[in-house]
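So the structure is just underneath, and the comments pick up after that.
2 protein chains.
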Amino acid sequence: MTKWLTDKEMHAWLGYRRMRLLLDLRLGRELMAQSGLSEADYDVLSNLSSAPDHRKRLSELAAHMRWSKSRLSHHVTRMQQRGLVTRDECADDGRGSLITLTPQGLSTIEQAAPGHVASVREHLIDLLTEEELDVLGTIAHRVASRLA
Amino acid sequence: MTKWLTDKEMHAWLGYRRMRLLLDLRLGRELMAQSGLSEADYDVLSNLSSAPDHRKRLSELAAHMRWSKSRLSHHVTRMQQRGLVTRDECADDGRGSLITLTPQGLSTIEQAAPGHVASVREHLIDLLTEEELDVLGTIAHRVASRLA
DNA sequence: GAGATTTGGTTGACATGTCACCAACATAAG
DNA sequence: CTTATGTTGGTGACATGTCAACCAAATCTC
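Protein chains in written order, with this note's numbering: chain A, 454 to 601; chain B, 454 to 601.
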């Protein structure tokens with residue numbers, strides 16, 4: 454017997470779906486307009502910029518971002534063509550691939566960051582109380598950790 | 454001067470992103486495995502099934518789902534080819550397009566629903582307390598309504 | 001009621017991400 | 001050494017969604 458969602462549960466679920474749809478669309482558009490980056494680009498650059506030497510193994514990067522290697526490989530290819538990152542062979546492991554931020558990639562994300570943070574604040578963070586912020590962080594991590 | 458995110462804010466933001474990534478991926482995969490539907494398919498069928506006569510104007514449907522007309526038009530084309538919906542001319546408005554659930558579409562979503570609800574429960578709803586559920590619903594709708 | 005505008009919807013080009021699979025290399029067992 | 005196994009990446013085919021251009025029917029204006 455199916456246990457359907459109660460009104461309250463449905464409200465939360467549909468709300469989540471709607472937020473996800475609209476928020477990501479808006480943030481993505483603003484980021485693209487301001488800096489020419491997609492959210493995916495931003496995440497990759499952001500991760501690389503906080504790595505030692507601005508470089509990381511594809512595999513590590515993918516694991517940290519919870520992306521599939523395939524997805525990251527495709528994405529890196531495109532970012533490479535735009536001059537944002539480079540892809541070098543790994544000395545230790547003949548298969549390995551080292552992804553490195555280019556100077557242009559670094560400057561791109563440095564320019565993009567303030568605007569993106571402002572967008573995130575405007576459309577999400579600043580709309581929440583301290584408590585709501587805590588709850589969101591708590592449940593999001595609980596849900597995500599079950600899926601890792 | 455940029456107002457960067459505090460640790461707490463960053464925790465909530467990154468948590469949201471991670472939840473979004475993993476949860477949607479998982480739910481999508483389970484739904485696809487169980488019923489051959491994507492989440493998008495499911496949403497369209499679900500909306501149509503609760504409409505009078507199981508039919509709706511493309512435009513209305515798009516507005517209700519907050520999808521672009523373009524996206525819905527493309528999607529309907531594909532669902533039509535799979536026999537899930539039909540697309541008929543509208544009598545009143547020569548431009549109009551009426552999307553109707555086929556019997557097959559109806560039976561497909563009826564079969565898919567229990568499993569999907571179970572997935573949503575397992576990976577999200579049942580992991581939250583009553584209070585958390587309320588907070589999620591509240592903030593999601595607040596954020597989304599600012600973007601409509 | 002002719003011309004301008006809006007609205008409803010379609011289409012094409014393109015970016016992204018998924019899956020399935022392959023190739024090269026690494027490692028442990030025998 | 002040699003084979004079985006797992007790891008690291010890359011690729012191609014395909015589904016999806018975005019934007020922008022476009023068409024045609026419906027409305028509005030004067």
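No residue lacks a Cβ here, since even glycine has one placed at the ideal position from N, Cα and C.
Asked	Found
Do we get a CB-CB distance below 8 Å when we pair Gly558 of chain B with the residues of chain A?	no
Looking at C-alpha atoms only, which residue of A:Met463, A:Leu580, A:Glu575 and A:Ala597 is the closest neighbour of Arg479 of chain A?	A:Glu575
Can you check the stretch 522–561 of chain A for any beta strand (DSSP E) of at least 3 residues that lies completely inside it and give the ranges in chain order?	538–542 and 550–554
Let me know the alpha helix (DSSP H) ranges lying completely inside the stretch 474–523 of chain A, each 4 residues or longer, listed in chain order.	492–502 and 511–518
Against chain A, does Ala465 of chain B count as a neighbour if the rule is that its beta carbon must be under 8 Å from one of theirs?	yes
In the DSSP assignment, find the unbroken alpha helix (DSSP H) run with Thr591 of chain A in it and report its ends.	Glu583 to Ser598
Does the separation of the CB atoms of Leu475 of chain A and Ala597 of chain B fall below 8 Å?	yes
Comparing alpha-carbon positions, which option in B:Arg599, B:Leu600 and B:Val588 lies nearest Ala465 of chain A?	B:Val588
Can you name the residues of chain B whose CB is closer than 9 Å to the CB of Val573 of chain A?	Leu458, Glu462 and Trp466
From Leu581 of chain B to Cys543 of chain A, what distance separates their C-alpha atoms?	44 Å
Give me the residue from A:Val497, A:Lys456 and A:Arg471 with the minimum Cα distance to Arg599 of chain B.	A:Arg471
Would you mind sorting Gly590 of chain B into buried or exposed? The rule is 16 or more other CB atoms within 10 Å of its CB.	buried
Quick one: grab the DSSP three-state call for Lys456 of chain A.	coil
Please name the residue in A:Ser502, A:Ser512 and A:Asp496 whose C-alpha comes closest to that of Arg548 of chain A.	A:Ser512
On the CB-based measure, 16 or more other CB atoms within 10 Å of its CB, does Lys509 of chain B come out buried or exposed?	buried
Can you pull the chain A residues whose beta carbon is under 8 Å from the beta carbon of Arg519 of chain B, in chain order?	Arg471, Leu474 and Leu475
Please state whether DSSP places Ala601 of chain A in a helix, a strand or coil.	coil
Drop a sphere of 10 angstroms on the beta-carbon of Asp494 of chain A, count the other beta-carbons inside from all chains shown, and report buried for 16 or more, exposed for fewer.	buried
When you compare only the Cα positions, how much space is there between Ser521 of chain A and Ala515 of chain A?	6 Å
Thinking C-alpha only, which one of A:Arg595, A:Ser572, A:Arg473 and A:Ile552 is nearest Leu498 of chain A?	A:Ile552
Can you have a look at Ala601 of chain B and say buried or exposed, based on whether 16 or more other CB atoms are within 10 angstroms of its CB?	exposed
What did DSSP end up calling Leu467 of chain B once you bin it into helix, strand or coil?	helix
Could you tell me whether any Cβ in chain B is nearer than 8 Å to the Cβ of Pro483 of chain A?	The sequence as given places Glu at residue 483 of chain A; Pro does not occur at that position. Not one chain B Cβ lies under 8 Å of Glu483 of chain A.
In chain order, what residues of the stretch 506–531 of chain B put their CB closer than 7 Å to some CB of chain A?	Arg519
Are Val529 of chain B and Leu501 of chain B touching if we call contact CB-CB under 8 Å?	no
Using a cut-off of 8 Å between C-beta atoms, extract the partners of Val570 of chain A located in chain B.	Thr455, Lys456, Trp457 and Leu458
Run down chain B in chain order and give the residues with a C-beta less than 8 Å from the C-beta of Asp587 of chain A.	Lys461 and Ala465
Under the three-state reduction of DSSP, which class applies to Leu580 of chain A: helix, strand or coil?	helix
Is it buried or exposed, Ser503 of chain B, if we count other Cβ atoms within 10 angstroms and call 16 or more buried?	exposed
Give the residues of chain B in contact with Ile562 of chain A, contact being defined as C-beta atoms less than 8 Å apart.	None at all; the shortest Cβ gap to chain B is about 13 Å.
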